Amino acid sequence: MGLRPNLLTRRAAGVASTTLALLLSTAAVGVAPAASAFSAAPGGTCVEPADAHADARVKAGGAAKHEPNELTAAQIKEREADLAAALRERASRRTGAVVPLATVTIPVVVHVIQENNTRAGGNIPDSMIQSQITVLNQAYSGATGGAVTAFAFQLSKINRVVNPSWYPILEGSSAERSMKSSLREGGKNTLNLYLGDVTPGLLGWATFPQQRLSSTDGVVVLNESLPGGTEPNYNQGDTGTHEVGHWLNLYHTFQGGCSASGDGVADTPAEASPAYQCPTGRNTCSAAGLDPITNFMDYTYDSCMYQFTPGQASRMLTAWNAYRAA
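Letter by letter, the sequence shown follows residues -37 to -1, 1 to 289 of mature numbering (1 follows the signal peptide of the UniProt record, and there is no 0).
In structure tokens form, the structure reads like this:
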């Protein structure tokens, strides 16, 4: 399962051609999240950035350069309690004219952070950004071989900013906070996507949803990880897919390791640790099922990952109705 189904279809749809590394290394408001395996504070940890509301994707070998902080069992328990509280609060405000959303089109504002006007300085072409939106729509529609989710993405604006003090984008820095508070547009339902060179060893990071909108809300992605980019093995756009999954409230597939709670989704097999490259047949837990190396929420090469599960689709929609729906 190392090769992504429908990859040729994806490219035929207008995504920039890239070099393929072959095997190289619906929920309702007011109810508990569907397909959730959480029942109490889970054990185990997961690699995360310093902000408890953020998550990252680390490239192979990147952890040795920069390993963001882990989400603890207590932090996971807090987040799950917050989701339940948000669902209850939403339900208490419902009227007959308000119903949970079943399909969602997300406006996307893309901020291209540049050191200067050269490609090396972050000036990537609009065509790469448009291809990234195509990749998101194919991944979240199930066109690449996974579950159909409720989400579609519509590019609203490309905002180019030349500011050497914000380049590269360093996770958790005061410059990152300044950049986001200065540039962020829209409400909770607007995806702000920040593109640039980033912290060495990372491919991107994202905030989890929360009840009060933060000026730091959004997704940061390495510019050269977009389709047609120069980042080896991670240049088909699935860093964006992965980070948007976190923005929609998904954890890594390896969250919690082999514990019963895991990532809070019942249909993603337990996984003891991140998978890198594309280790077909990997099985790190005694529970049923091989490691979900083809899931967008693991750490494998872009050529290896191609799917969300129905449980993940349900969890994202539950969280949308709790946190981001108008």
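C-beta: ideal position from N, C-alpha, C; glycine also. A quick note: this is a predicted structure, and the numbers were derived from the prediction, not measured.
- DSSP places Pro273 inside the alpha helix (DSSP H), whose first and last residues are Pro273 to Ala282.
- The shortest CA-to-CA distance from Pro172 to any of Leu166, Asp180 and Tyr239 is the one to Asp180.
- Contact check between the stretch 119 to 132 and the stretch 142 to 161: three or more CB pairs, one atom from each, fall below 8 Å, which counts as touching.
- When the alpha-carbon of Asp265 is set against those of Pro273, Ile69 and Ile256, the nearest one is in Ile256.
- Under a 10 Å Cβ-count criterion, Pro88 is classified as exposed, with fewer than 16 other Cβ atoms of the shown protein chains found around its own Cβ.
- Here the alpha carbons of Ala233 and Pro273 stand approximately 16 Å from one another.
- Distance from Val124 to Gln95 at the Cβ level is roughly 18 Å; contact not present, criterion being Cβ atoms closer than 8 Å.
- Tyr262 is a Cβ neighbour of Tyr239, given a cutoff of 8 Å.
- A direct Cα-Cα distance of roughly 21 Å separates Ser119 from Tyr286.
- For Asn100, the enclosing alpha helix (DSSP H) begins and ends at Asp89 to Ser104.
- Comparing alpha-carbon positions, the option among Tyr269, Asp45, Asn186 and Gln38 lying closest to Thr281 turns out to be Asp45.
- One Cα belongs to Arg278, the other to Tyr103, and the distance between them is close to 13 Å.
- Counting C-beta atoms within 10 angstroms of its own C-beta, Ala276 has 16 or more neighbours from the protein chains shown and is therefore classed as buried.
- Fewer than three pairs of CB atoms, one per stretch, sit closer than 8 Å, so the stretch 186 to 199 makes no contact with the stretch 207 to 227.
- Here Ala113 is buried, its C-beta having at least 16 other C-beta atoms within 10 Å.
- Around the beta carbon of Ala169, a 10 Å sphere encloses 16 or more other beta carbons of the protein chains shown; the residue is thus reported as buried.
- Under the DSSP assignment, Ile256 falls outside any beta strand (DSSP E); it carries neither an H nor an E label.
- Within the stretch 207 to 254, complete beta strand (DSSP E) segments of at least 3 residues are not found at all.
- About 16 Å separates the Cβ atoms of Gly192 and Met268, ruling out a contact at the 8 Å cut-off.
- Counting the other CB atoms within 10 Å of its CB gives Val182 a total of 16 or more, which places it among the buried residues.
- Rounded to the nearest angstrom, the Cβ distance from Val98 to Thr216 is 19 Å, too far for a contact under 8 Å.
- For Gly135, the closest C-alpha among the options Val111, Pro242 and Leu165 is that of Leu165.
- Between Glu206 and Arg20, the C-beta spacing is below 8 Å.
- In the DSSP assignment, Gly167 is bridged to Arg20 and Val184.
- Note on geometry: alpha-carbon atoms of Thr243 and Arg140 lie some 39 Å from one another.
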